[in-house]
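Peer 1: Questions regarding the structure given below will be posed in turn.
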Amino acid sequence: MNKLKMMPEWLIMVVFAAAILTMPIWMSPLGAAYPDLLQKFAIFGVFAIGYNILFGLTGYLSFGHAAFLGVGSYTAVWSFKLLTMNVLPAIFFSVLFAGVFAAIIGFISLRRSGIYFSILTLAFAQMSYNLAYSVLTPITNGETGLQLERDDPRIFDTAVTEGLPTTELFGLSMSGYSGFYVCAAFLIIAFYVSLRIFRSPFGLKLRAIKSNQTRMRYTGYSTRPYLLTAFVISGMYAGLAGSLMAVTDPLAGAERMQWTASGEVVLMTILGGVGTLIGPLLGVGIIKYFENIFSAINETVLHGFFDFLPSWLQEFMVFITSPFVGEGWHLTLGILFMLIVAFLPGGIMEGIDKIKSKFSKSSGQSDDSTTEAVREGA
Amino acid sequence: MDTIFLQVLNGLDKGGAYALIALGLTLVFGTLGVVNFAHGAIFMLGAFCAVSFNQLLTMSKKVKDESITFFEAFKEQPYLEIWFGDTGTMIIDYSVPISLVLAVPVMLVIGLVMERGLIRHFYKRSHAEQILFTFGMAIVLQEIIKSIFGANPIPAPAPDIVSGSAAIGAAIGLGDSVVYPWWRLIYLAFAAIVIGAVFAFLKLTTFGMVVRAGIHDKETVGLLGINIERRFTIIFGLAAVVSGLAGVMYAPILPPDYHLGMDFLVLSFVVVVVGGMGSLEGAVAAGFLLGILQSFASMNEIKSILPGIDQIIIYLVAVVILLVRPRGLMGKKGVMED
Numbered sequence: 001m002n003k004l005k006m007m008p009e010w011l012i013m014v015v016f017a018a019a020i021l022t023m024p025i026w027m028s029p030l031g032a033a034y035p036d037l038l039q040k041f042a043i044f045g046v047f048a049i050g051y052n053i054l055f056g057l058t059g060y061l062s063f064g065h066a067a068f069l070g071v072g073s074y075t076a077v078w079s080f081k082l083l084t085m086n087v088l089p090a091i092f093f094s095v096l097f098a099g100v101f102a103a104i105i106g107f108i109s110l111r112r113s114g115i116y117f118s119i120l121t122l123a124f125a126q127m128s129y130n131l132a133y134s135v136l137t138p139i140t141n142g143e144t145g146l147q148l149e150r151d152d153p154r155i156f157d158t159a160v161t162e163g164l165p166t167t168e169l170f171g172l173s174m175s176g177y178s179g180f181y182v183c184a185a186f187l188i189i190a191f192y193v194s195l196r197i198f199r200s201p202f203g204l205k206l207r208a209i210k211s212n213q214t215r216m217r218y219t220g221y222s223t224r225p226y227l228l229t230a231f232v233i234s235g236m237y238a239g240l241a242g243s244l245m246a247v248t249d250p251l252a253g254a255e256r257m258q259w260t261a262s263g264e265v266v267l268m269t270i271l272g273g274v275g276t277l278i279g280p281l282l283g284v285g286i287i288k289y290f291e292n293i294f295s296a297i298n299e300t301v302l303h304g305f306f307d308f309l310p311s312w313l314q315e316f317m318v319f320i321t322s323p324f325v326g327e328g329w330h331l332t333l334g335i336l337f338m339l340i341v342a343f344l345p346g347g348i349m350e351g352i353d354k355i356k357s358k359f360s361k362s363s364g365q366s367d368d369s370t371t372e373a374v375r376e377g378a
Numbered sequence: 001m002d003t004i005f006l007q008v009l010n011g012l013d014k015g016g017a018y019a020l021i022a023l024g025l026t027l028v029f030g031t032l033g034v035v036n037f038a039h040g041a042i043f044m045l046g047a048f049c050a051v052s053f054n055q056l057l058t059m060s061k062k063v064k065d066e067s068i069t070f071f072e073a074f075k076e077q078p079y080l081e082i083w084f085g086d087t088g089t090m091i092i093d094y095s096v097p098i099s100l101v102l103a104v105p106v107m108l109v110i111g112l113v114m115e116r117g118l119i120r121h122f123y124k125r126s127h128a129e130q131i132l133f134t135f136g137m138a139i140v141l142q143e144i145i146k147s148i149f150g151a152n153p154i155p156a157p158a159p160d161i162v163s164g165s166a167a168i169g170a171a172i173g174l175g176d177s178v179v180y181p182w183w184r185l186i187y188l189a190f191a192a193i194v195i196g197a198v199f200a201f202l203k204l205t206t207f208g209m210v211v212r213a214g215i216h217d218k219e220t221v222g223l224l225g226i227n228i229e230r231r232f233t234i235i236f237g238l239a240a241v242v243s244g245l246a247g248v249m250y251a252p253i254l255p256p257d258y259h260l261g262m263d264f265l266v267l268s269f270v271v272v273v274v275g276g277m278g279s280l281e282g283a284v285a286a287g288f289l290l291g292i293l294q295s296f297a298s299m300n301e302i303k304s305i306l307p308g309i310d311q312i313i314i315y316l317v318a319v320v321i322l323l324v325r326p327r328g329l330m331g332k333k334g335v336m337e338d
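So the protein sequences, as listed, match chains W and L.
Mapping to the working numbering: the first sequence position 267 is 267, numbers consecutive.
Mapping to the working numbering: the second sequence position 110 is 110, numbers consecutive.
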């Protein structure tokens with residue numbers, strides 16, 4: 001990890017960009033190289049990176065980030081409905097609105113810390129969710145979700161004659177791989193911004209807040225502006241992710257704002273390694289990948305797996321494993337998550353690190369600072 | 001007057017459920033210092049105790065329907081009816097009250113296993129990690145229930161005799177139009193009894209006294225030679241029983257599905273925080289208060305002035321309370337302060 005810490009930014013970015021952009025190639029042996037899934041990787045990657053800026057750096061556990069995701073989605077769809085099918089204005093307005101929304105919620109919630117902060121964000125997210133479902137129906141279209149219609153104004157576009165218009169970037173349709181590449185481009189930008197934040201004095205101050213806020217205050221820093229900035233930035237990331245969701249599939253529903261959706265991004269961040277640069281992305285990759293793979297497995301596939309066993313044992317194994325796959329994928333995820341929190345609070349990144357330090361110990365050099373290095377980010 | 005009375009009743013009734021769950025949550029928090037996000041799942045498990053017992057009783061086989069003579073008709077008849085006739089029918093009818101009795105040992109065991117097996121290892125971790133771990137636990141529990149019972153809500157009806165509405169208006173002289181479902185009245189009475197029992201247990205028994213002393217100063221109680229850890233474990237079991245029973249009784253009001261716990265979890269946390277972390281009286285008071293507020297907010301007169309207020313009132317109150325009274329309504333000094 002120390003190596004990564006010393007690597008110059010341009011090198012990290014080149015490697016990262018290459019890794020992301022070639023995903024369609026190196027993911028194909030894993031059976032995951034289809035645009036739909038790749039888009040999800042990129043979108044949730046943005047979401048988790050942003051969440052990590054708040055939770056990873058400052059330690060403030062927010063359970064309300066799905067609200068910003070929802071705001072982003074709704075704004076993007078409204079931009080498609082009212083202005084143009086071009087994605088850039090949609091993304092711009094989404095990030096803007098999510099940022100404003102986050103500034104309001106953050107301003108109030110950040111008056112408290114610890115569990116009270118979590119509850120406050122939770123309360124705001126539930127409020128937005130409930131309102132989106134009920135009175136805000138003219139804006140959100142309630143339970144049905146906000147969708148495109150043919151007779152939407154779209155003042156900058158020429159009227160469509162038949163079918164629904166699709167989202168586009170200067171004529172390039174946003175379905176399939178082009179959609180993925182647009183999301184990937186935003187992911188790379190998002191990653192770069194996060195890298196800059198991690199290595200900036202600002203990021204250092206956020207970490208100082210995490211380790212000892214009281215001391216930070218005694219040193220003469222007013223911590224709240226920094227916290228609020230981090231909160232707004234991560235809210236904007238969530239808004240960006242929400243708008244990208246709308247870009248790849250132009251509809252927005254209230255269930256995106258439910259608090260369990262916020263829980264999902266918490267899961268991803270923790271699983272990968274909270275407070276590390278790459279960790280949240282790893283978490284996203286693993287969760288989304290296995291979600292797709294595991295959900296597709298049914299009993300027939302399982303029978304195929306255990307084909308080599310005698311038939312009674314095969315039945316038994318299928319009986320044992322079937323609750324954990326297919327519909328039951330969340331059960332596996334829950335257990336995995338419990339194990340991670342219990343034994344590897346630093347997530348997969350800490351796991352990698354432990355293995356590494358074991359190897360370096362056996363070769364005679366002890367490296368106790370590695371865990372610290374991981375926690376301090378890349 | 002009639003409407004106000006009904007709304008108060010409605011609110012008390014809703015508040016009863018909130019207060020029961022929040023009471024369990026606060027008990028766990030006050031004694032063990034654990035922020036338990038799996039508490040909603042315990043409530044859900046209680047509701048599914050009622051459901052599974054009901055399903056067990058109504059296990060049936062196909063028998064010939066004698067009432068239809070034109071053709072061969074079959075109907076499902078529960079074994080209990082076949083074996084015991086009318087007594088069997090009655091047992092099935094009373095499945096929810098009976099499962100109340102059965103749920104006590106079941107929930108106690110679940111609670112004890114949960115505490116001894118899992119949560120015990122998290123006392124020294126930060127609150128954030130406790131939240132995350134128990135959140136994972138809640139997911140696991142609800143997914144287990146989903147894989148057994150499926151994703152759809154399953155009804156567990158109340159006994160026939162109390163399925164209608166009570167004419168309480170006539171009884172207390174408010175006019176005949178004031179009626180209220182029997183089962184909800186029973187729920188309210190039940191909540192009051194359970195809350196009373198828990199408080200009596202804590203305030204009047206020696207065991208309760210020791211526990212209260214332990215909440216106050218765990219170390220000193222330990223130094224006096226009392227195994228306080230064990231008593232706290234029992235309190236965790238007790239909290240599980242309280243929420244489990246709340247769930248059992250709730251099953252006839254709202255057919256439970258696997259997601260019930262998550263829905264109630266947020267509410268109960270809000271209740272606990274409004275009442276003040278670690279204050280049992282606060283949790284109960286806040287439960288009833290929020291229940292009443294919510295039922296008044298769902299009146300049409302109020303909704304026409306402030307549209308959507310019924311959806312957010314609880315959260316709004318929570319936000320305001322948290323900002324102006326940082327400890328909640330009755331929170332104690334030094335418990336979970338920033």
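A virtual CB, placed ideally from N, CA and C, is assigned to each residue, including glycine.
In three-state terms, what does DSSP make of Q258 (chain W)?
Peer 2: In the structure shown, Q258 (chain W) sits in coil (DSSP, three-state: anything other than H, G, I, E or B).
Peer 1: Specify, as a first and last residue, the run of the beta strand (DSSP E) that S60 (chain L) falls within.
Peer 2: First-last of the beta strand (DSSP E) with S60 (chain L): 60–64.
Peer 1: Starting from K75 (chain L), trace the beta strand (DSSP E) both ways and give me its first and last residue.
Peer 2: Taken as a continuous stretch (DSSP letters only), the beta strand (DSSP E) holding K75 (chain L) covers 74–78.
Peer 1: Sort out for me which residues DSSP pairs A166 (chain L) with in a bridge.
Peer 2: In the DSSP output, where bridge partners are listed per residue, A166 (chain L) has L:Y180.
Peer 1: Would you mind telling me which residues of chain L sit closer than 9 angstroms to H330 (chain W), beta carbon to beta carbon, in chain order?
Peer 2: Going along chain L in sequence order, the residues near H330 (chain W) (Cβ under 9 angstroms) are I139, V140, Q142, E143, K146.
Peer 1: From L25 (chain L) to Y18 (chain L), what does the alpha carbon distance come to, in whole angstroms?
Peer 2: Distance between the alpha carbons of L25 (chain L) and Y18 (chain L) is about 11 angstroms.
Peer 1: Taking only the alpha-carbon atoms, compute the straight-line gap between I233 (chain W) and F16 (chain W) and give it to the nearest angstrom.
Peer 2: Spanning the two alpha carbons is a distance of roughly 21 angstroms.
Peer 1: Measuring straight from C-alpha to C-alpha, what distance separates I20 (chain W) and L281 (chain W)?
Peer 2: Near 11 angstroms, if we compare the C-alpha coordinates of L281 (chain W) and I20 (chain W).
Peer 1: Around the C-beta of G377 (chain W), are 16 or more other C-beta atoms found within 10 angstroms, so that it is buried, or is it exposed?
Peer 2: In this predicted model, G377 (chain W) has a pLDDT of only 43, less than 50, meaning its place in the structure is not dependable; the value taken from the coordinates is given anyway. The residue is buried, with at least 16 neighbouring Cβ atoms inside 10 Å.
Peer 1: On the three-state DSSP scale, how would you describe L251 (chain W)?
Peer 2: It is a strand residue.
Peer 1: Kindly indicate which three-state DSSP category N300 (chain L) falls into: helix, strand or coil?
Peer 2: In the structure shown, N300 (chain L) sits in a helix (DSSP, three-state: H, G or I).
Peer 1: Helix, strand or coil, according to DSSP, for S128 (chain W) in the structure here?
Peer 2: S128 (chain W) falls in the helix class under three-state DSSP.
Peer 1: Identify the continuous alpha helix (DSSP H) that holds V109 (chain L) and give its terminal residues.
Peer 2: First-last of the alpha helix (DSSP H) with V109 (chain L): 95–117.
Peer 1: Look at the alpha carbon of S366 (chain W) and the alpha carbon of I352 (chain W), and state the distance between them as a whole number of angstroms.
Peer 2: Bear in mind that the predicted position of S366 (chain W) carries a pLDDT of just 43, short of 50, making it unreliable; the figure below should be weighed with that in mind. Approximately 16 angstroms between the Cα atoms of the pair.
Peer 1: Using C-beta distances below 7 angstroms, list every residue in its chain close to V284 (chain L), excluding the 5 sequence neighbours before and after it, in chain order.
Peer 2: Here the set comprises A19, L23, I195.
Peer 1: Locate the alpha helix (DSSP H) running through N54 (chain L), then write down its first and last residues.
Peer 2: Looking at the DSSP string, the run of the alpha helix (DSSP H) that includes N54 (chain L) is 39–57.
Peer 1: By Cβ distance below 7 angstroms, which residues in the same chain neighbour I4 (chain L) in space, the five residues on each side in sequence not counted?
Peer 2: Correct list: empty, nothing qualifies.
Peer 1: Determine the DSSP secondary structure at S279 (chain L), reduced to helix, strand or coil.
Peer 2: Coil, per DSSP.
Peer 1: Using the three-state DSSP reduction, which class does E149 (chain W) fall into: helix, strand or coil?
Peer 2: Reduced to three states, the DSSP call for E149 (chain W) is coil.
Peer 1: Report the rounded CA-to-CA distance for T332 (chain W) versus A296 (chain W), giving the unit in angstroms.
Peer 2: So the two alpha carbons sit approximately 14 angstroms from each other.
Peer 1: Roughly how many angstroms lie between the CA atoms of T37 (chain W) and Y289 (chain W), to the nearest whole one?
Peer 2: Correcting the residue identity first, residue 37 (chain W) is Leu in this sequence and not Thr. Their backbone Cα atoms lie some 8 angstroms apart in a straight line.
Peer 1: For a test of the three-state rule: what should DSSP assign to N141 (chain W), helix, strand or coil?
Peer 2: N141 (chain W): coil per DSSP, three-state reduction.
Peer 1: For a minimum of 4 consecutive residues, which ranges assigned as the alpha helix (DSSP H) are wholly contained in the stretch 151–207 of chain W?
Peer 2: Those alpha helix (DSSP H) runs which fall completely within the stretch 151–207 of chain W and span 4+ residues are 177–199.
Peer 1: Is it the case that the Cβ atoms of L57 (chain W) and G239 (chain W) are separated by a distance below 9 angstroms?
Peer 2: In this structure, G239 (chain W) does not lie closer than 9 angstroms to L57 (chain W) by Cβ.
Peer 1: Use the C-beta contact count for M44 (chain L): other C-beta atoms within 10 angstroms, 16 or more gives buried, fewer gives exposed.
Peer 2: So M44 (chain L) ends up on the buried side.
Peer 1: Please check if any C-beta of chain L sits within less than 9 angstroms of the C-beta of L131 (chain W).
Peer 2: It does: the Cβ of L131 (chain W) has a partner Cβ on chain L nearer than 9 angstroms.
Peer 1: Would you verify that the beta carbon of V273 (chain L) is, or is not, closer than 9 angstroms to some beta carbon of chain W?
Peer 2: For V273 (chain L), the answer is yes, since a Cβ of chain W falls inside 9 angstroms of its Cβ.
Peer 1: Could you check which residue in L:T58, L:D217, L:A297, L:S99 has the C-alpha nearest to that of E76 (chain L)?
Peer 2: When each option's Cα is compared against that of E76 (chain L), the closest is L:T58.
Peer 1: Kindly indicate which three-state DSSP category N86 (chain W) falls into: helix, strand or coil?
Peer 2: In the structure shown, N86 (chain W) sits in a strand (DSSP, three-state: E or B).
Peer 1: Scan the stretch 191–239 of chain L and note each continuous alpha helix (DSSP H) run of 4 residues or more that stays entirely inside, going in chain order.
Peer 2: DSSP runs (the alpha helix (DSSP H)) wholly in the stretch 191–239 of chain L: 206–216, 218–223.
Peer 1: Using Cβ-Cβ distances below 8 angstroms, what residues of the stretch 185–215 of chain W are close to chain L?
Peer 2: Hits within the stretch: zero.
Peer 1: Would you list, in chain order, the members of the stretch 341–360 of chain W that have their beta-carbon closer than 9 angstroms to a beta-carbon of chain L?
Peer 2: Going along the stretch 341–360 of chain W in chain order, one finds V341, A342, P345 with a Cβ nearer than 9 angstroms to chain L.
Peer 1: Taking C-alpha atoms, which residue in W:G176, W:F170, W:S322, W:T229 lies nearest to F55 (chain W)?
Peer 2: With distances taken between Cα atoms, F55 (chain W) lies closest to W:T229.
Peer 1: Output, in sequence order along the chain, the residues in the stretch 44–61 of chain W whose CB is closer than 8 angstroms to any CB in chain L.
Peer 2: Against chain L - using a Cβ distance shorter than 8 angstroms - the residues of the stretch 44–61 of chain W are G59, L61.
Peer 1: Just to confirm before moving on: does the CB-CB distance between I228 (chain L) and G244 (chain L) stay below 9 angstroms?
Peer 2: In this structure, G244 (chain L) does not lie closer than 9 angstroms to I228 (chain L) by Cβ.
Peer 1: Tell whether a beta-carbon distance below 9 angstroms holds between G31 (chain W) and I293 (chain W).
Peer 2: The answer is yes: Cβ separation under 9 angstroms.
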